[in-house]
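Chemist:
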Amino acid sequence: MKRLLVAALAAALFSSPAFAARSIKASVNGLVCSFCAAAIEKRLKALSEVKAVYVDLTRKVVAVELKDGKDLSPEKIAEEIKDSGYDVVTIVRSEQSIQQIRAEKSK
Amino acid sequence: MNRAALCIAALLAPPAALAHPVTFPENVMVMGEVDRNWQDFNAWYTFTTKQAVGPGYMGFRSEDGSRKREIPNVHYNYRAARWNWPDAQANIYLQAGLGSATGNDFSGSRTVFLPGFQADYETRRIYTAARWHAIQGGPVNHTSRNLQAGFAFYAGEYDDWSPWFILDVRKMSNLGMDTEVTPTLRLVHKNLFLEAGTVDGKRARLNVMFNFSF
């Protein structure tokens with residue numbers, strides 16, 4: 000019974016958004032110039048919940064890794080990207096770290 | 000073309016070529032374009048997603064150094080349109096400014112109006128831009144046209160230095176000015192933008208832009 004309770008608590012804890020998603024990944028239109036895309040990195044890094052930002056011009060991807068125990072809505076990330084002048088096509092939560100997302104490129 | 004027209008033409012180079020005069024809210028972009036006859040320095044504060052404002056300074060002199068003008072000014076930029084495609088981006092900017100012009104071919108100072116227009120289209124490998132600017136007020140009444148087109152040597156990634164070749168063509172109307180052709184090497188790395196070229200093979204031109212946020 001005790002083990003069951005611990006398992007249930009752990010499941011509940013890790014299924015919350017703060018733990019389920021390590022990052023938020025967006026597919027972005029207009030991402031053609033690093034001088035302009037630096038805007039996205041600066042705006043997203045300014046958010047206290049953000050641990051790291053990754054911009055990939057080839058795959059047209061912007062990914063944000065969240066700090067442990069912190070969360071942000073994908074809508075907030077999309078809003079920041081839009082305010083930087085770009086259009087978000089899709090945006091999803093991901094369990095991958097920035098390092099893992101970056102590593103996908105070399106596969 | 001007579002000597003006076005040549006002097007005036009050299010005196011009045013067109014305003015600096017800005018990559019993107021509106022960046023993102025709370026960002027400041029500083030830029031400086033310099034060649035032997037021309038100095039242009041600006042700081043742009045972007046205060047909404049579509050609007051930027053800032054002070055600037057333009058200084059001109061004729062090729063022989065006998066005539067000079069200085070125009071401290073304030074500029075406003077409005078991004079009228081932006082298109083984002085998967086592999087390309089395009090923008091239209093409208094510009095307006097006010098300056099106080101002094102020169103050694105008229106006395107005192109003149110208030111000048113500085114309207115402008117810019118349209119650009121770029122991919123990771125191609126850059127094109129068309130600009131129109133005017134400097135209008137009393138004896139100072141000229142317009143300039145500027146076309147830029149070029150290509151990247153490779154599709155640089157976000158963390159890379161991206162080298163570009165840009166051909167810059169400029170012309171001041173109603174001045175008998177020859178069209179200036181400037182082959183330019185452009186280097187872009189995140190928030191740093193550098194350009195170096197040779198105007199008609201005669202004089203070097205440098206252009207530097209830097210983005211930073213508070």
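Heads up: the sequence lines are chains X and D, in that order.
When we follow numbering that gives the first Met the number 0, the leftmost residue of the first sequence carries the number 0, and every step to the right adds one.
When we follow numbering that gives the first Met the number 0, the leftmost residue of the second sequence carries the number 0, and every step to the right adds one.
Backbone N, C-alpha and C define an ideal beta-carbon position, used for all residues, glycine too.
Since the model is a prediction, treat every value here as computed from it, not as a measurement.
#1: Since D/F152 meets chain B, which of its residues come closer than 7 Å, beta carbon to beta carbon?
#2: Where D/N190 and D/D158 are concerned, what is the direct C-alpha to C-alpha distance, given to the nearest angstrom?
#3: With distances taken Cα to Cα, identify the nearest neighbour of D/A133 among D/R81, D/M30, D/I70.
#4: With a threshold of 7 Å between beta carbons, is D/P20 in contact with chain X?
#5: For a contact defined as C-beta to C-beta under 8 Å, what are the partners of D/K67 on chain X?
#6: Leaving out five residues on either side along the sequence, give the residues of the same chain with a beta carbon under 6 Å from the beta carbon of D/T122.
#7: With H, G and I counted as helix, E and B as strand and the rest as coil, what does DSSP make of X/P73?
#8: Flag this pair as yes or no: are the beta carbons of X/S83 and X/A45 separated by less than 7 Å?
#9: How about X/A37: is its C-beta nearer than 7 Å to some C-beta of chain D?
#10: Would X/S83 count as contacting chain D if we go by Cβ distances under 7 Å?
#11: Is DSSP giving X/A36 helix, strand or coil here?
#12: Buried or exposed: which applies to X/D67, given that a residue is buried once 16 or more other Cβ atoms fall within 10 Å of its Cβ?
#13: Report the three-state DSSP secondary structure of X/L46 (helix, strand or coil).
#14: Is it buried or exposed for D/N206, if we count other Cβ within 10 angstroms and need 16 for buried?
#15: Thinking C-beta only, is X/R42 closer than 7 Å to X/D96?
#16: On the three-state DSSP scale, how would you describe X/K59?
#17: Helix, strand or coil for X/D82? Go by DSSP, reduced to three states.
#18: Listed from N- to C-terminal order along the chain, which residues in the stretch 41 to 68 of chain X have their beta-carbon within a distance smaller than 9 Å of any beta-carbon of chain D?
#19: Consult DSSP for D/R81 and reduce its assignment to one of helix, strand or coil.
#20: To which residues does DSSP link D/E121 through a beta bridge?
#21: Using only alpha-carbon positions, find the residue among X/E94, X/V27, X/C32, X/T89 that is nearest to X/E125.
#22: For chain X, is any of its Cβ atoms less than 7 Å away from the one on D/F209?
#23: What is the DSSP secondary structure of D/Q50, counted as helix, strand or coil?
#24: Taking 6 Å as the cut-off, is the CB of D/V29 close to at least one heavy atom of the ligand MN?
#25: Skipping 5 residues on each side, what residues in its chain have a beta carbon closer than 6 Å to that of D/V222?
#26: Quick one: which chain X residues come within Cβ less than 7 Å of D/P24?
#27: Which residues, in order along the stretch 104 to 134 of chain D, keep a beta-carbon less than 8 Å from a beta-carbon of chain X?
#28: Mind reading off the beta-carbon distance from D/A129 to D/L113? Whole number of angstroms is fine, and I expect it under 8 Å.
#29: Is the beta carbon of X/A25 less than 7 Å from the beta carbon of X/V61?
#30: In this structure, how does DSSP classify X/R101 when only helix, strand and coil are distinguished?
#31: Does any CB atom of chain X fall closer than 7 Å to the CB of D/L10?
#32: Go ahead and pull the three-state DSSP assignment for X/K41.
#33: Can you list the residues of chain X that D/V27 reaches, using a CB-CB cut of under 8 Å?
#34: Does any residue of chain D bring its CB to less than 7 Å from the CB of X/F18?
Modeler: Answer, in terms of the structure:
#1: This model lacks chain B altogether, as its protein chains are X and D.
#2: Counting from 1 along the second sequence, the entry for residue 190 of chain D is found at position 191. Counting from 1 along the second sequence, the entry for residue 158 of chain D is found at position 159. Their backbone Cα atoms lie some 11 Å apart in a straight line.
#3: Taking the first residue of the second sequence as position 1, residue 133 of chain D is located at position 134. For D/A133, the closest alpha carbon among the candidates D/R81, D/M30, D/I70 is that of D/I70.
#4: Within the second sequence, numbered from 1, the residue matching residue 20 of chain D stands at position 21. Contact with chain X is absent for D/P20, since none of that chain's Cβ atoms lies less than 7 Å from the residue's Cβ.
#5: Your numbering for residue 67 of chain D matches position 68 in the second sequence. Neighbours of D/K67 on chain X: none; closest Cβ ~33 Å, over 8 Å.
#6: Here residue 122 of chain D refers to the residue found at position 123 when the second sequence is read from its first residue. Within the same chain, D/T122 has close Cβ partners D86, A87.
#7: As a working note, residue 73 of chain X is residue 74 in the first sequence. Here X/P73 sits in helix by DSSP.
#8: The residue given as residue 83 of chain X occupies position 84 in the first sequence. The residue given as residue 45 of chain X occupies position 46 in the first sequence. No, Cβ-Cβ distance for X/S83 and X/A45 is not below 7 Å.
#9: Counting from 1 along the first sequence, the entry for residue 37 of chain X is found at position 38. Using a CB distance cut-off of 7 Å, X/A37 counts as an interface residue toward chain D.
#10: The count along the first sequence starts at 1 and reaches residue 83 of chain X at position 84. Chain D contact via Cβ: present.
#11: For the purposes of this step, residue 36 of chain X is taken as residue 37 along the first sequence, with counting starting at 1. In the structure shown, X/A36 falls within a helical segment according to DSSP collapsed to helix, strand and coil.
#12: Indexing the first sequence from 1 puts residue 67 of chain X at position 68. Around the beta carbon of X/D67, fewer than 16 other beta carbons sit within 10 angstroms, so the residue counts as exposed.
#13: As a working note, residue 46 of chain X is residue 47 in the first sequence. Under the three-state reduction of DSSP, X/L46 is assigned to coil, being neither helix nor strand.
#14: In the second sequence, residue 206 of chain D corresponds to position 207, counting from 1. D/N206 comes out buried.
#15: Within the first sequence, the letter at position 97 stands for residue 96 of chain X. Within the first sequence, the letter at position 43 stands for residue 42 of chain X. Reading off the sequence, residue 96 of chain X comes out as Ser, not Asp. Remark: C-beta atoms of X/S96 and X/R42 do not approach each other more closely than 7 Å.
#16: As a working mapping, residue 59 of chain X is identified with position 60 in the first sequence. In the three-state reduction of the DSSP assignment, X/K59 falls in the coil class.
#17: In the first sequence, counting from the first residue as 1, residue 82 of chain X sits at position 83. In this structure, X/D82 counts as helix in the three-state DSSP scheme.
#18: Taking 9 Å as the Cβ-Cβ cut-off against chain D, the residues of the stretch 41 to 68 of chain X that qualify are K41, R42, A45, Y53, V54, D55, L56, T57, K59.
#19: Counting from one through the second sequence, the residue named residue 81 of chain D turns up at place 82. DSSP places D/R81 in strand when its eight states are reduced to three.
#20: Here residue 121 of chain D refers to the residue found at position 122 when the second sequence is read from its first residue. BP columns for D/E121 point to D/Q88, D/Y126.
#21: Given that chain X is displayed from residue 0 to residue 106, the structure contains no residue 125 of chain X and the question cannot be resolved.
#22: Taking the second sequence and counting its residues from 1, the one referred to as residue 209 of chain D is at position 210. Residue-level contact by beta carbon fails for D/F209 and chain X, as no gap is shorter than 7 Å.
#23: Here residue 50 of chain D refers to the residue found at position 51 of the second sequence. Reduced to three states, the DSSP call for D/Q50 is strand.
#24: Ligands displayed in this structure: none; no statement on the ligand MN is therefore possible.
#25: Since the displayed chain D opens at 0 and closes at 213, residue 222 of chain D lies outside it and no answer follows.
#26: Along the second sequence, one-based indexing puts residue 24 of chain D at 25. Among the residues of chain X, those whose CB is under 7 Å from the CB of D/P24 are D82, following chain order.
#27: Contact residues of the stretch 104 to 134 of chain D toward chain X are E121, T122, R123 (C-beta to C-beta distance below 8 Å).
#28: Position 130 of the second sequence, counting from 1, holds the residue named residue 129 of chain D. Position 114 of the second sequence, counting from 1, holds the residue named residue 113 of chain D. So it is not a contact: roughly 18 Å between Cβ atoms.
#29: Taking the first residue of the first sequence as position 1, residue 25 of chain X is located at position 26. Taking the first residue of the first sequence as position 1, residue 61 of chain X is located at position 62. Cβ distance < 7 Å, so X/A25 and X/V61 count as in contact.
#30: The count along the first sequence starts at 1 and reaches residue 101 of chain X at position 102. Helix, per DSSP.
#31: For the purposes of this step, residue 10 of chain D is taken as the residue at position 11 of the second sequence. Residue placement at D/L10 is flagged as unreliable, the pLDDT there being 32, under the threshold of 50; a coordinate-derived value is accordingly withheld.
#32: By 1-based counting over the first sequence, the position of residue 41 of chain X is 42. Helix, per DSSP.
#33: Locating residue 27 of chain D in the second sequence gives position 28, counting from the first residue. Those do not exist, as D/V27 stays about 11 Å from chain X at its closest Cβ, beyond 8 Å.
#34: Within the first sequence, numbered from 1, the residue matching residue 18 of chain X stands at position 19. Low confidence applies to X/F18: its pLDDT is 47, below 50, so where it sits in the model is not reliable, and the reading given next is rough at best. Residue-level contact by beta carbon fails for X/F18 and chain D, as no gap is shorter than 7 Å.
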